[in-house]
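Chains as they are written, first to last, in numbering that gives the first Met the number 0: chain B, 0 to 319; chain H, 0 to 289; chain G, 0 to 335.
Just so you know, even glycine gets a beta-carbon here, dropped at the ideal spot from N, CA and C.
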Amino acid sequence: MSEALLQVKNLKVYYHVEVGAVKAVDDVSFDLGFGVKMGLVGESGSGKSTMALALMRMIKPPGKIEGGQMVLDGMDLVKLSEEKMRQTRLRKLAMIPQGAMNALNPVMRIDKQLIDGMLDHGVFMSKEERKTRVNQLLEMVDLAPKVAKMYPHELSGGMQQRVTVAQSISMEPDVIIADEPTSALDVVIQRQVMDTINRLQEKLGLSIILIGHDMGLMAQTVGSLAVMYAGRMMEIGETRAMFRDPLHPYTQLLIESLPVLENKGVFSGIPGITPSLLNPPEGCVFHTRCPKAWDLCRDKIPAFSEVDPGRWVACHLHTA
Amino acid sequence: MQRGQGFKGFLNYIRRNPAFGGGLVLLLILLLFSTVAGFFVPKEGAYPLAVKSKQPPSEEFRFGTDSVGRDLLPTMIYGTRMTLSIGMIAGVIGLSVGTVLGFMTGYFGGLFDTIVKFLVDVLMTIPQFLLLVMIASSVPDPDKMTVWQMGLVLSIVAWVQPTRAIRAQVMSMRERAFVMMSKLSGMSGMEIIIKELMPNLMPYLAISLASAVNGGVLGSLGLQTLGIGNLREPSLGMTIYWLRYYNAFLQGYWWWIVEPVTVIAAIFIAFLLISIGLDEFANPRTRRTV
Amino acid sequence: MSTPLLELRNVTKIFGGKSDYTVALDDMTLVLEEYFPKIIAVVGESGSGKTTTGMLLLGFYGPTMGQALFRGQPINELKGADLFQFRREVQAVFQDPFAVYNPFYKVDNLLSIPIKNFKLARSKAEAHELMVDALERVGLRSEETLGRYPHQLSGGQRQRIAVARALLLKPKFLITDEPVSMVDASLRSTILKSLRALNQEFGVPILYITHDLTTAYHISDYIIILYGGSVMEAGNVDSIIRHPNHPYTKLLVSSIPWPDPDLPWGGSEELIQKSQVAFVPITGCKFAPRCPYKMDICETKVPDLFLPERDRGVACYLFRDNAIMPREELSNVFAV
């Protein structure tokens, strides 16, 4: 798909430990269009957080990008030199981290933290210009100008998260990776912060990859959804279609287990436990817990294929 | 915090932590030197007028001799033994008292805690060495002070640091969920201290022991170098006192200086390495959560 | 009328010193009966006082004012056999699946120690039977879990063992504080199902403390909405979530992202306050500074509970034309 802004192809990220290689991300592919919001959802051990780090090329040893490509604007991020990658971060590809409290420097005022990234990228601004830009950024995330001179600990959790959002848009990148930006926040604040992020996305026309485990948040926010499990991509599709007619059994079970107003008192989960990433099961990585698995699932890894325009799934039920 | 239980886990840990291993080896060497070597070298040589004086190291006197005719080889062997013994007595008493006080005050708090805290604050503020000098000098017949007497004097201040360290650890631990769970399971306070908290604090206790023994050695050296303590029985501090008294520097008896200094340095380095090694183990960041 | 099992009587809990203090709970009264096979959710955001409520009922905090009682006796004065009975009868499941385990011991300890202390088995074999049975009830196999250390199991397994412990003990009351918030979505249902079973099959009343309205809605019969240490609304969970009365409840419910793309975030614009600094006032209704319907009286006097229906109380002057109930009688809405 050539109109994609970001193309991830067969990405592999392994962590090499004493006893072997933990396959945190194993052969994952997806495309991100221009000006779209895509959700990357998965439970613990799915590989979604590793995916976030990999996209920013921030995987540290013993982790390593084993193979695959991440093509942004014609450049393969995997092959980029560290210097060129540094220039790409924030300018073209920015991240809103989880837990703003840990991402902000506790001894630096907010205005300095907002401007720092830009200065590092060689943007020259006079004192006046800096002040204007800071106020601009604060306004875009619905923070009062007086926040500029405050320290992170003087702000509430929601306000801190807004600051990290402001940092991420400071150079108007093409892609923003939001790694569970609201998981530490209460539901009311979460909504406000997501409102802010949505508005910014529309205004600036950038693309967002929203990473998380909250399907409810995904349903309300993103246009397309990618579901990961045990390091592999299970299904990708338009959000509404995914919720109404999930193709992959994992997606089906996941959606069934979600509490909604109608199914009060009905408790259904997914039996079993997530497999070890050190020794993943043969064949389809979900087959040990899949109610619809059969012999082929045990023997052969299903190919991740496009079964309908924009709808991808890795399941023998649909691709065999 | 504790994975790979048992002896195998211990060896495994040494392999991954060279500081700890190095420190243990060094300490082992010192212990062997001060104990086993003594089987081969009689103690009589460690007293004045035992042998020819002022001899540099040679075939006959491997470690040389001092100004008053002590054979420095047995002096070092038995001296190290004595100094280490004093350190250990002070350290073990200090740690025992510190453990009891640290756990009781850290867990139960209350009036007892207030009193102990006050004592600790006082002892930390006043110059401890001065206090030791005063107490050690007041011992009847300080020139004939035994190892036990010296150890007890030093333990008067040796309990302070362990108490503080353990109390702080216990206070942070008692808020943890597993302690709450233990209470909900019907365990009493003392049971929780002994069965739940203490195993988790083993590394801290070990570190406290290492530093308490180290502190005891340092304290005894300080006192003896000033001439307080038994000046006849061989110890490292006493050796230093005498070499200064007889101006070993000016006389050029380099061996008399180098030997005790080397042994003292070895003791401190050994304990330092052990502490570093244990500290890494105790630090929660080393805990793997898979 | 028999003595209630647990009670908070006009409890106020304040943390901090003279100048920089926080009122975690303000004059809260709650009566929890023994044979009451219902689940009561206590819902609020951080700072609402929900965890404090649990801690007070478990005796881990002491009230600054008022009393926390177990069978009529103040909890912090319990000693000996009475204290032992308290510990036997009131149990908990906490949020963090790792922190409840002593990393030094195998996970079996979590189950075997209470069995031993409370004499639930007459032999080691019987104890083992009890453990295997409880584990099976939460969908775990004893071969895969017993004998392991906490770090060798997943978060979901550890939390399930904690729930198995509650099933094993069959307490007279179970207090759960965010039992599924640190657990994967697919596993939440299993754990909630176990809790529900404990409640329905064995008649154990449960206090379900959480910030997550969706799971609270799913598992509980009644709900108490807390804000700033005070009760905003309480009563039947169905009516409150579907038709919230209190402005704060409306705000909460409208902020829930339902996992249904056709059910967007709701609520009116005026309600979605972008409050930069949420301070909690000392007098009057705690929510007043953020409330679009604020009246003068809201700032001066704390509202009592008004009853637009018999099974729900709203602490809001917007409903002052209804029957009034003093806040001390909060628990009456559960008796319906």
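Kindly indicate the opening and closing residues of the beta strand (DSSP E) around M227 of chain B.
-> Start and end: 223 to 228.
What do you reckon, are the CB atoms on Y221 of chain G and I13 of chain G nearer than 8 Å?
-> no
Give the residues from the stretch 68 to 99 of chain G that approach chain H closer than 7 Å (Cβ to any Cβ), ordered along the chain.
-> F83, R86, R87, Q90, A91, F93, D95, F97, A98, V99
Can the beta-carbon of V279 of chain G be found closer than 8 Å to that of G227 of chain G?
-> yes
Identify the contact partners of R15 of chain H in chain G, using a Cβ-Cβ distance below 7 Å as the criterion.
-> Those within 7 Å of R15 of chain H in chain G number zero; the least Cβ separation is about 17 Å.
Between the C-alpha atoms of A91 of chain G and R311 of chain G, what's the straight-line distance to the nearest angstrom?
-> 27 Å
N411 of chain G - partner residues in DSSP beta bridges = A question about residue 411 of chain G goes unanswered here, because the residues of chain G that appear run from 0 up to 335.
How about P325 of chain G and S184 of chain H: do their beta carbons lie closer than 8 Å?
-> Not closer than 8 Å, so no.
Can you give me the start and stop residues for the beta strand (DSSP E) that L306 of chain G sits inside?
-> 304 to 308
Would W253 of chain H be called buried (16 or more neighbouring beta carbons within 10 Å of its own) or exposed?
-> exposed
Could you run through the stretch 168 to 190 of chain H and flag, in chain order, every residue whose CB is less than 8 Å away from some CB of chain G?
-> R175, A176, F177, M179, M180, S181, K182, L183, S184, G185, M186
Chain-ordered chain H contacts of P178 of chain G [CB-CB under 7 Å] | The premise fails here: P178 of chain G is roughly 12 Å from chain H at the closest Cβ pair, so nothing lies under 7 Å.
For T131 of chain B, decide whether its Cβ has a neighbour in chain G, counting only Cβ atoms nearer than 8 Å.
-> no
Rounded to the nearest angstrom, how far is the Cβ of G67 of chain B from that of K11 of chain B, given a contact under 8 Å?
-> Confirmed, Cβ separation roughly 5 Å.
So with Cβ pairs under 8 Å, would you call F201 of chain G a contact of chain H?
-> no
Positions along the stretch 261 to 285 of chain H whose CB lies within less than 8 Å of some CB in chain G | none
Separation of K202 of chain B from N321 of chain G, as counted between CA atoms = 47 Å
When the Cα of I272 of chain B is compared with those of B:C289, B:Q200, B:T238, which residue comes out closest?
-> B:C289
Determine the burial state of D185 of chain B: buried for a count of at least 16 other Cβ atoms within 10 Å of its Cβ, exposed for fewer.
-> buried
Cβ of A218 of chain B within 8 Å of any chain G Cβ = yes
Throw me the rounded Cβ distance for the V209 of chain H and L277 of chain H pair, which I believe falls under 8 Å.
-> The question names Val, yet the displayed sequence has Ala at residue 209 of chain H. About 7 Å separates the CB atoms of A209 of chain H and L277 of chain H; that is less than 8 Å, so the two are in contact.
Using a beta-carbon distance below 8 Å, is P113 of chain G in contact with chain H?
-> yes
Does any C-beta atom of chain G lie closer than 8 Å to the C-beta of N11 of chain H?
-> Taking Cβ atoms only, chain G never reaches closer than 8 Å to N11 of chain H, which makes this a no.
Near-chain G residues of the stretch 9 to 37 of chain B - C-beta to any C-beta below 9 Å | none
Leaving aside the five residues before and after P105 of chain B along the sequence, list all residues of the same chain whose C-beta is less than 8 Å from its C-beta, in chain order.
-> Y150, P151, H152
Roughly how many angstroms lie between the CA atoms of I175 of chain B and L5 of chain B, to the nearest whole one?
-> Between I175 of chain B and L5 of chain B, the C-alpha separation is close to 11 Å.
Contact set for V133 of chain B: own chain, Cβ-Cβ below 7 Å, skip 5 residues either direction = Apart from the 5 residues on each side of it in sequence, V133 of chain B sits with its Cβ closer than 7 Å to the Cβ of D110, L113, I114, A147 in its chain, given in chain order.
Is F177 of chain H near E190 of chain H, with beta carbons less than 8 Å apart?
-> no
Reduced DSSP category for I114 of chain H - H, G, I as helix; E, B as strand; rest coil | Looking at I114 of chain H - three-state DSSP - the assignment turns out to be helix.
What does a CB cutoff of less than 7 Å around G309 of chain B pick up in its chain, not counting 5 residues either side in sequence?
-> Excluding residues within five positions, the ones whose Cβ falls inside 7 Å are G236, E237.
Quick one: grab the DSSP three-state call for V40 of chain H.
-> coil
Got a sec: which bits of the stretch 201 to 216 of chain G sit with their beta carbon under 9 Å from any beta carbon on chain B, in order along the chain?
-> If you check each beta-carbon in the stretch 201 to 216 of chain G against every beta-carbon of chain B, the ones closer than 9 Å belong to H210, D211, L212, T213, T214, Y216.
Which chain B residues sit within Cβ distance under 9 Å of S153 of chain G?
-> S43, G44, I272, T273
If you draw a straight line from the C-alpha of E17 of chain B to the C-alpha of L200 of chain H, how long is it?
-> 28 Å
Taking DSSP as the reference, what is the three-state secondary structure of Y207 of chain G?
-> Reduced to three states, the DSSP call for Y207 of chain G is strand.
N108 of chain G, enclosing alpha helix (DSSP H) - first and last residue = Taken as a continuous stretch (DSSP letters only), the alpha helix (DSSP H) holding N108 of chain G covers 107 to 116.
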